[in-house]
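Numbering (our numbering), first residue to last: 1 to 312. We treat Cβ as the ideally placed atom computed from N, Cα and C, and that holds for glycine.
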Ligand SMILES: NC(=O)c1ccc[n+]([C@@H]2O[C@H](COP(=O)([O-])OP(=O)(O)OC[C@H]3O[C@@H](n4cnc5c(N)ncnc54)[C@H](O)[C@@H]3O)[C@@H](O)[C@H]2O)c1
């Protein structure tokens, strides 16, 4: 089996590449390195099945021409402009990468006759009411151009499933964290807090910190994505999260261990915040036999150990 992983040099993408190689796939990563690093994939160099990184933009037809003579059994589509704040300030870039780009990847998969896994996001959902876990029938309410672009990508994907019979599946991972995640700019909250903690800096919470997140360790996220490619659940939309929520102020406290190191600041994009997020995983368990294996405490400890090696 040969797989193409768009966004393969990014945070989650490089873990998906690792998951696939461990399962014996041949894997090519495609990335324009706008937010990823070739070095994220360095440990796979020379590994059986690893076909390397093609540096290219998914929006650029030249990228697809360069791949035209290769045959892929499956395309995992993770490449995206992921920053919520950037999407509010400059929605064009987000729509270009995440909508036009997704269309180009879908066209490639259609020409190839390959399977297609679209990695969407929990940010498409309306906030969870009273902490009731969000299942896939829960209303969507894109609160940022990023969420809207990901939802548009979902709809494009579903249209290719219905109109062309493309073997396509949509995943909505909840907030994912772990090794290789960027800590600069708009990194995930866990690695941002850990980075400040390890540098002896204050941990800054936006707003009152009562917004919640369901935090998924990246190995579990890659396992969800990998399994989706091997399932027969085409046409489905499937959540993946830990199934537990934590308030951001409690996460800061957990990481800092000291209330004195936690500071509060005005929320920079409160209008685009999803205030409460907690995942109902039942469908992933049923269709993919997937369950998260890494608890929040364990995942934070693993991530801290990985980061501590790099922040010295
Ligand atoms: N990190 C999370 O918490 C999370 C949660 C749910 C879903 N997701 C989704 O998972 C996917 C991966 O996210 P991530 O956190 O690993 O982000 P990331 O930025 O690390 O990975 C995305 C990769 O796509 C590449 N890319 C962006 N635009 C491109 C383009 N036009 N052409 C080619 N490559 C391009 C970037 O360089 C980057 O390496 C995204 O689709 C994101 O929407 C992420």
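Following the DSSP letters along the chain, one finds residue 192 inside the alpha helix (DSSP H) bounded by residues 189–198.
In the assembly as shown, residue 58 is a buried residue. Its beta-carbon has 16 or more other beta-carbons within 10 Å.
According to the DSSP assignment, residue 224 belongs to the alpha helix (DSSP H) that extends over 218–230.
For residue 7, the shortest C-beta to heavy atom distance toward ligand 1 is below 8 Å.
Sorted by position in the chain, 7, 9, 10, 11, 12, 31, 32, 34, 35, 36, 57, 58, 78, 79, 80, 82, 97, 101, 119, 121, 173, 175, 176 make up the residues whose C-beta lies under 5 Å from a heavy atom of ligand 1. Looking at the DSSP output, residue 263 shares a beta bridge with 204. Closest in alpha carbon position to residue 223, among 175, 154, 291, is 291. Per the C-alpha coordinates, the member of 296, 234, 260, 226 positioned closest to residue 245 is 296. Between the C-alpha atoms of residue 156 and residue 39 there is a straight-line separation of about 32 Å.
In this structure residue 31 does not touch residue 18 by the C-beta definition: roughly 15 Å separates them, more than the 8 Å allowed. Ranked by Cα distance from residue 236, the options 202, 280, 260, 158 are led by 158. The secondary-structure analysis by DSSP pairs residue 6 across a beta bridge with 30, 77. Rounded to the nearest whole angstrom, the CA to CA distance from residue 117 to residue 170 is 6 Å. Our two residues, residue 144 and residue 168, have alpha carbons roughly 25 Å apart in a direct line.
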